[in-house]
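S.K.: Right, I'll just put the structure down here and ask away after.
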Amino acid sequence: AQRSFVLIKPDAVRRGLVGAVLSRLENKGLSIVAMELRQVNDELSDQHYAEHVEKAFYPPLRTFVTSGPSVALVVEGDEAIEVVRLLNGATDGRKAAPGTIRGDYSLSNRENLVHGSDSPESAKREIDLWFPGLA
Ligand code: ATP
Numbered sequence: 015a016q017r018s019f020v021l022i023k024p025d026a027v028r029r030g031l032v033g034a035v036l037s038r039l040e041n042k043g044l045s046i047v048a049m050e051l052r053q054v055n056d057e058l059s060d061q062h063y064a065e066h067v068e069k070a071f072y073p074p075l076r077t078f079v080t081s082g083p084s085v086a087l088v089v090e091g092d093e094a095i096e097v098v099r100l101l102n103g104a105t106d107g108r109k110a111a112p113g114t115i116r117g118d119y120s121l122s123n124r125e126n127l128v129h130g131s132d133s134p135e136s137a138k139r140e141i142d143l144w145f146p147g148l149a
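Residue numbers (the working numbering): 15 to 149.
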């Protein structure tokens, strides 16, 4: 089985969609192996989004991701990384397919409810960053 890091972002927490997102992950058959409500600060945002810190969209993204608590989790299952990204849908909620989390609940390119690791390397990096010692 493979593990992926998932972040349920502040917009989802504010809107009361944590349960809906978790249900989709669990209904699919993924197991939750770690989970915590976390207030992200600027430092953690910069580390998590290291590949985006120089991009024009990053300052407002950081403001958003630090704007309230998020739920950080690690899920496990067969091909968990790809499965989570399929469940999440395309980055832009306006373009994401109906039936996906973003396609059903987001109308925004930034406030798109969830993050999922995009490769085995980023999953390892992100799990080490958010849940050190989880192995
Ligand atoms: P994630 O990494 O969050 O799962 P993703 O891989 O679909 O999403 P990335 O390209 O890695 O998308 O961008 C990371 C996050 O940055 C997006 O989830 C979104 O919140 C934000 N973002 C990306 N592109 C834009 C943009 N053009 N304008 C505003 N926000 C953006």
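Don't be surprised by glycine CBs; every beta carbon is placed ideally from N, CA and C.
If you're wondering where the values come from, they're calculated on a predicted model, not measured in any experiment.
Taking a contact to mean a Cβ-Cβ separation below 9 angstroms, would you say T80 touches D118 in this structure?
M.R.: Numbered from 1 along the sequence shown, position 66 holds the residue referred to as residue 80. Numbered from 1 along the sequence shown, position 104 holds the residue referred to as residue 118. Taking 9 angstroms as the Cβ cut-off, T80 and D118 do not qualify as a contacting pair.
S.K.: Rounded to a whole number of angstroms, what is the C-alpha to C-alpha distance between E135 and G30?
M.R.: By 1-based counting over the sequence shown, the position of residue 135 is 121. By 1-based counting over the sequence shown, the position of residue 30 is 16. Whole-angstrom Cα-Cα distance: 31 angstroms.
S.K.: Quick check on K138: buried or exposed, where buried means 16 or more other Cβ atoms within 10 Å of its Cβ?
M.R.: Position 124 of the sequence shown, counted from the start, is the residue given in the question as residue 138. Answer is exposed; the Cβ neighbour count stays below 16.
S.K.: Would T77 and L100 be called neighbours here (beta carbons separated by less than 9 angstroms)?
M.R.: Numbered from 1 along the sequence shown, position 63 holds the residue referred to as residue 77. Numbered from 1 along the sequence shown, position 86 holds the residue referred to as residue 100. No. Outside cutoff.
S.K.: Quick check on the DSSP output: the alpha helix (DSSP H) that includes F78 runs from which residue to which?
M.R.: As a first step, residue 78 must be located in the sequence shown, where it is residue number 64. Start and end: 72–79.
S.K.: Under the three-state reduction of DSSP, which class applies to E93: helix, strand or coil?
M.R.: Residue mapping note: residue 93 aligns to position 79 of the sequence shown, counting from 1. Three-state DSSP puts E93 in coil, outside helix and strand.
S.K.: For P134, does the three-state DSSP call read helix, strand or coil?
M.R.: Counting from one through the sequence shown, the residue named residue 134 turns up at place 120. Reduced to three states, the DSSP call for P134 is helix.
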